[in-house]
Amino acid sequence: MPELPEVETVKRGLAPHLVGARLTRVVANRQDLRFPLPERFAARLTGARVETLERRAKYLLASLDTGETLVAHLGMTGRFLVGSSQPGAFHFAAGADPKHTHLVFQTSEGTEIAYNDARRFGYVDLIATADLSRHPWFAGLGPEPLGEAFTPRHLGEAFGGRSQAVKTALLDQRIVAGLGNIYVCEALFRSGIDPKTPAGEIGRARLSRLVTVVREVLEEAILAGGSTLRDFRDADGALGYFQHSFKVYGREDGPCLKPGCQGVVRRFVQGGRSTFFCATCQT
Ligand SMILES: [Zn+2]
Numbered sequence: 001m002p003e004l005p006e007v008e009t010v011k012r013g014l015a016p017h018l019v020g021a022r023l024t025r026v027v028a029n030r031q032d033l034r035f036p037l038p039e040r041f042a043a044r045l046t047g048a049r050v051e052t053l054e055r056r057a058k059y060l061l062a063s064l065d066t067g068e069t070l071v072a073h074l075g076m077t078g079r080f081l082v083g084s085s086q087p088g089a090f091h092f093a094a095g096a097d098p099k100h101t102h103l104v105f106q107t108s109e110g111t112e113i114a115y116n117d118a119r120r121f122g123y124v125d126l127i128a129t130a131d132l133s134r135h136p137w138f139a140g141l142g143p144e145p146l147g148e149a150f151t152p153r154h155l156g157e158a159f160g161g162r163s164q165a166v167k168t169a170l171l172d173q174r175i176v177a178g179l180g181n182i183y184v185c186e187a188l189f190r191s192g193i194d195p196k197t198p199a200g201e202i203g204r205a206r207l208s209r210l211v212t213v214v215r216e217v218l219e220e221a222i223l224a225g226g227s228t229l230r231d232f233r234d235a236d237g238a239l240g241y242f243q244h245s246f247k248v249y250g251r252e253d254g255p256c257l258k259p260g261c262q263g264v265v266r267r268f269v270q271g272g273r274s275t276f277f278c279a280t281c282q283t
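Heads up: the sequence shown begins at 1 in this note's numbering, then just goes up one per residue.
Quick look at the structure:
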């Protein structure tokens, strides 16, 4: 699945083409993705001007001057194409197969933006902008990990009294939004915290370090163009040419990369997800 950094890079790639532009023509080549398209999808979008393009967790949100917001989730294999180029972090050896282009948006700037999704786990909706924060996809989401509200104090309060493992707690979207398995593993490695540590037992200094490294791993991944994800390559056989260098994720039985550590990266399953960590330096 695309993680937060990939979605962020897609947002940054699309923004110059969308923000301030009017949608002059919208074509839906089918009536459903993962879920049915909203009623009169193309008609409600045609003529609308895009005022802002934001990301919340792993959702893209284009607010329109009609009072609605176009919300898009990329699912597993969703990607946007601007003309023939693909903004954002997904690097495929194979080009997008036009038969999987489900939505096409033409803008007043003369740009054509296509949504292509081979497996169709992605989805879109049109939601009244005023109701967004109460919508089930967004109500109850914790702060953005790159936003100002994600602080050691917030984490301390959210973890307070919890016996749940810190790894599992960091994947709880109510505590922090959009932080996926890969980046939680990497952040815990960098902060030297054992993923099994009860969340409520993490002291203030380590909480502070954790917030810093969560931001670092995400920002580095965004700068590097996101990660290339195994799910994608397996899904349609396209090999990514960019490989983000993870320190622990996907490195089971490999040597720990922390300078001076003689440990080995181990994997175990926590809350149904693989955890990669070094038992020697994560304590
Ligand atoms: Zn180590």
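Cβ atoms here follow ideal geometry from the backbone N, Cα and C, with glycine treated the same way.
Point to revise | Straight-line Cα distance separating lysine 196 from alanine 96 | key: Position 96 of the sequence shown, counted from the start, is the residue given in the question as residue 96. Position 196 of the sequence shown, counted from the start, is the residue given in the question as residue 196. The alpha-carbon atoms of alanine 96 and lysine 196 are separated by roughly 40 Å.
**Study point:** Three-state class that DSSP yields for aspartate 131 in the structure shown
**Key:** Counted from its first residue, the sequence shown places residue 131 at position 131. DSSP places aspartate 131 in helix when its eight states are reduced to three.
**Study point:** Cβ distance (whole Å) where aspartate 125 is taken to contact proline 2 below 8 Å
**Key:** Locating residue 125 in the sequence shown gives position 125, where the first residue counts as 1. Locating residue 2 in the sequence shown gives position 2, where the first residue counts as 1. Between proline 2 and aspartate 125 the Cβ distance is about 18 Å, and since that is not below 8 Å, they are no contact.
Review point. So, is lysine 99 buried or exposed, given that buried needs 16 or more other C-beta atoms within 10 angstroms?
Key: Within the sequence shown, numbered from 1, the residue matching residue 99 stands at position 99. Exposed.
**Study point:** Cutoff 8 Å; reference glutamine 282; Cβ partners in own chain excluding five residues on either side
**Key:** Against the sequence shown, residue 282 aligns to sequence position 282. Taken in chain order, the residues that qualify are Leu188, Phe189, Gly192, Ile193, Asp194, Pro195.
Review point. From Val19, Ala205, Ala57, pick the residue whose C-alpha is nearest to that of leucine 74; which is it?
Key: In the sequence shown, counting from the first residue as 1, residue 74 sits at position 74. When only C-alpha atoms are compared, the closest one is Ala57.
Practice item. To the nearest angstrom, report how far apart valine 82 and glutamate 157 are at their CA atoms. Key: Working through the sequence shown from its first residue, we reach residue 82 at position 82. Working through the sequence shown from its first residue, we reach residue 157 at position 157. So the two alpha carbons sit approximately 43 Å from each other.
Point to revise | Cα-Cα separation, cysteine 185 to arginine 162 | key: By 1-based counting over the sequence shown, the position of residue 185 is 185. By 1-based counting over the sequence shown, the position of residue 162 is 162. Each residue's Cα considered, the two are about 19 Å apart.
Point to revise | Simplified DSSP assignment, three categories, for threonine 212 | key: Here residue 212 corresponds to residue number 212 of the sequence shown, with the count starting at 1. It is helical.
Point to revise | Start-to-end residues for the alpha helix (DSSP H) that takes in isoleucine 202 | key: For the purposes of this step, residue 202 is taken as the residue at position 202 of the sequence shown. Looking at the DSSP string, isoleucine 202 is not in any alpha helix (DSSP H), and its letter there is neither H nor E.
Review point. For leucine 14, which three-state DSSP category applies?
Key: By one-based count along the sequence shown, residue 14 stands at place 14. Of the three classes helix, strand and coil, the one that applies to leucine 14 here is helix, per DSSP.
Review point. Under a three-way DSSP split, which group does threonine 77 fall into?
Key: Numbered from its first residue, the sequence shown carries residue 77 at position 77. Of the three classes helix, strand and coil, the one that applies to threonine 77 here is coil, per DSSP.
**Study point:** Three-pair Cβ contact test at 8 Å for the stretch 166–181 versus the stretch 257–267
**Key:** no
**Study point:** Three-state secondary structure assigned by DSSP to cysteine 278
**Key:** The count along the sequence shown starts at 1 and reaches residue 278 at position 278. Correct three-state label for cysteine 278: strand.
**Study point:** Shell residues, 6 Å Cβ cut-off relative to heavy atoms of ligand 1
**Key:** Cys256, Lys258, Cys261, Gly263, Cys278, Thr280, Cys281
Check your understanding: Which residues in the same chain as glutamine 270 place their Cβ atom closer than 7 Å to its Cβ, once the five residues preceding and following it in sequence are excluded?
Key -> Within the sequence shown, the letter at position 270 stands for residue 270. Excluding sequence neighbours, glutamine 270 sits near Ala165, Lys167, Thr168, Pro195.
Review point. How many whole angstroms separate the CB atoms of leucine 61 and valine 71, which I take to be in contact at a CB cut-off of 8 Å?
Key: Taking the sequence shown and counting its residues from 1, the one referred to as residue 61 is at position 61. Taking the sequence shown and counting its residues from 1, the one referred to as residue 71 is at position 71. The pair is a contact, with the Cβ atoms about 6 Å apart (cut-off 8 Å).
Point to revise | Sufficient close CB pairs (3 or more, under 8 Å) joining the stretch 103–120 to the stretch 140–151 | key: no
Check your understanding: Which of the three DSSP states, helix, strand or coil, is assigned to isoleucine 193?
Key -> Here residue 193 refers to the residue found at position 193 of the sequence shown. Three-state DSSP puts isoleucine 193 in coil, outside helix and strand.
Check your understanding: Around the C-beta of arginine 230, are 16 or more other C-beta atoms found within 10 angstroms, so that it is buried, or is it exposed?
Key -> The residue labelled residue 230 in the question sits at position 230 within the sequence shown. Only weak support is given to the placement of arginine 230: the predicted model assigns it a pLDDT of 37, under 50, and the value that follows is read from those uncertain coordinates. Exposed.
Practice item. List the endpoints of the continuous alpha helix (DSSP H) containing threonine 292. Key: Any question about residue 292 goes unanswered here, given that the chain covers just 1 to 283.
Review point. By how many angstroms is the C-alpha of asparagine 29 removed from the C-alpha of phenylalanine 246?
Key: On the sequence shown, position 246 is the one that residue 246 refers to. On the sequence shown, position 29 is the one that residue 29 refers to. Roughly 38 Å separates the two Cα atoms.
Practice item. Closer than 7 Å by C-beta to histidine 135: which residues in its own chain qualify, once you throw out the five before and the five after it? Chain order, please. Key: Residue mapping note: residue 135 aligns to position 135 of the sequence shown, counting from 1. Cβ within range, chain order: Ile127.
Check your understanding: For glutamate 109, does the three-state DSSP call read helix, strand or coil?
Key -> Within the sequence shown, the letter at position 109 stands for residue 109. In the structure shown, glutamate 109 sits in coil (DSSP, three-state: anything other than H, G, I, E or B).
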